[in-house]
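Residue numbers (the numbering used here), protein chains in the order written: chain A, 15 to 128; chain B, 39 to 151.
Glycine included, C-beta positions come from ideal geometry on N, C-alpha and C.
None of the values given here were measured: they were computed from a predicted structure.
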Amino acid sequence: DTGVSQDPRHKITKRGQNVTFRCDPISEHNRLYWYRQTLGQGPEFLTYFQNEAQLEKSRLLSDRFSAERPKGSFSTLEIQRTEQGDSAMYLCASSPMGGGGSYTFGSGTRLTVV
Amino acid sequence: DQQVKQNSPSLSVQEGRISILNCDYTNSMFDYFLWYKKYPAEGPTFLISISSIKDKNEDGRFTVFLNKSAKHLSLHIVPSQPGDSAVYFCAAGSGGSNYKLTFGKGTLLTVNP
Numbered sequence: 015d016t017g018v019s020q021d022p023r024h025k026i027t028k029r030g031q032n033v034t035f036r037c038d039p040i041s042e043h044n045r046l047y048w049y050r051q052t053l054g055q056g057p058e059f060l061t062y063f064q065n066e067a068q069l070e071k072s073r074l075l076s077d078r079f080s081a082e083r084p085k086g087s088f089s090t091l092e093i094q095r096t097e098q099g100d101s102a103m104y105l106c107a108s109s110p111m112g113g114g115g116s117y118t119f120g121s122g123t124r125l126t127v128v
Numbered sequence: 039d040q041q042v043k044q045n046s047p048s049l050s051v052q053e054g055r056i057s058i059l060n061c062d063y064t065n066s067m068f069d070y071f072l073w074y075k076k077y078p079a080e081g082p083t084f085l086i087s088i089s090s091i092k093d094k095n096e097d098g099r100f101t102v103f104l105n106k107s108a109k110h111l112s113l114h115i116v117p118s119q120p121g122d123s124a125v126y127f128c129a130a131g132s133g134g135s136n137y138k139l140t141f142g143k144g145t146l147l148t149v150n151p
C-alpha cells in the first residue's frame, strides 16, 4: 500500500469554475477525513466519513462544497462556483477504526483560484 | 476562537541540543493530543500522541508531556537532528467527536548543524 493518494497535486482554476479532487485512502482504513489548510494556519476540519456514510460536516463547508465516498473506498470533494477565498491546500486523511487521531495524511491538493 | 495555540511561530536550535515545542489548549473536552510533523510539499505525518489519562509519553528521541491543570503540552526532541527541521503541529481531539482534530498554527523548527 502506498499510503493516501490525492489527485491532482495542483489545480489552478478561474473564479466561478467547478473543481473536483479525489482521495484514495489506505485500503483497510474505514475512516476518511478532509481538512483545509491556508497559509500560516493549521489544518481545519471539513468533513468526515465512516465507510460510505458522511457523519459530520464543518460549518466551513458551505453549500458550494460537497463530498462523497461511494462504496466506502475513494472520496471526492467538489467545489462549485469557486471563489478566491477557496484557495488553499486540501488535505485528505484516513485512519482505521480505533486509530484515534493518528491519521495518515495525503500530500494534499493545492487549489489556486484566479 | 483558537482552541489550540502554538504561540511560537519558529524555533531554532543547534544539532544535538534539546528542542522544546509548546502548545496550549482551551477546550476541557479534549481527551487526547497529538503532534504532527510536516515537511514542505508533503502532508503532515503523525509523530506521537498522549491520552489525557497520562502525563508523559515517550518514543525514541521524542517525548510529549501533558499538564492538564495548565492545559499545556510540550514536545521534547533530544538530541535534535538537522532532519528534524520541519513545521510541527499540535492537535487535540475528543473521542466523542469521531476523532475530529483541532490543530494549532504550527511551529517551524530549524535544527542547525
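Under the Cβ criterion of 8 Å, Gly86(A) is not counted among the residues facing chain B. Below 8 Å, too few C-beta pairs join the segment 31–38 of chain A and the segment 49–57 of chain A to call them touching: fewer than three. Residue-level contact by beta carbon holds for Ala79(B) and chain A, with a gap shorter than 8 Å. In the pairwise beta carbon analysis, the segment 38–45 of chain A is classified as not touching the segment 49–61 of chain B: fewer than three pairs are separated by under 8 Å. Scanning Leu105(A), Glu97(A), Gly99(A), Lys85(A) for the CA closest to the CA of Leu91(A) turns up Leu105(A). Nearest to Asn105(B) by alpha-carbon distance, out of Thr148(B), Asp39(B), Phe141(B), Ile91(B), is Ile91(B). Taking a cut-off of 8 Å for Cβ pairs, the segment 124–141 of chain B and the segment 63–77 of chain B touch, as three or more such pairs fall below it. In the structure shown, Asp77(A) adopts coil according to DSSP, grouped into three states.
The beta carbons of Gly115(A) and Met103(A) sit about 19 Å from each other, so the pair does not count as a contact at 8 Å. For the pair Glu82(A) and Gln40(B), the Cα-to-Cα distance works out to about 29 Å.
Across the structure, Ser87(A) and Lys28(A) are spaced so that their CA atoms are roughly 30 Å apart. Residue contact check for Gly30(A) against chain B: no CB pair falls below 8 Å. In this structure, the CA atom of His110(B) is about 12 Å from the CA atom of Lys94(B). Ranked by Cα distance from Glu58(A), the options Thr148(B), Leu139(B), Leu147(B) are led by Leu139(B). At a cut-off of 8 Å between beta carbons, Leu49(B) makes no contact with chain A. Counting the other CB atoms within 10 Å of its CB gives Gln119(B) a total below 16, which places it among the exposed residues.
The C-alpha of Asp100(A) is placed about 23 Å away from the C-alpha of Ala129(B).
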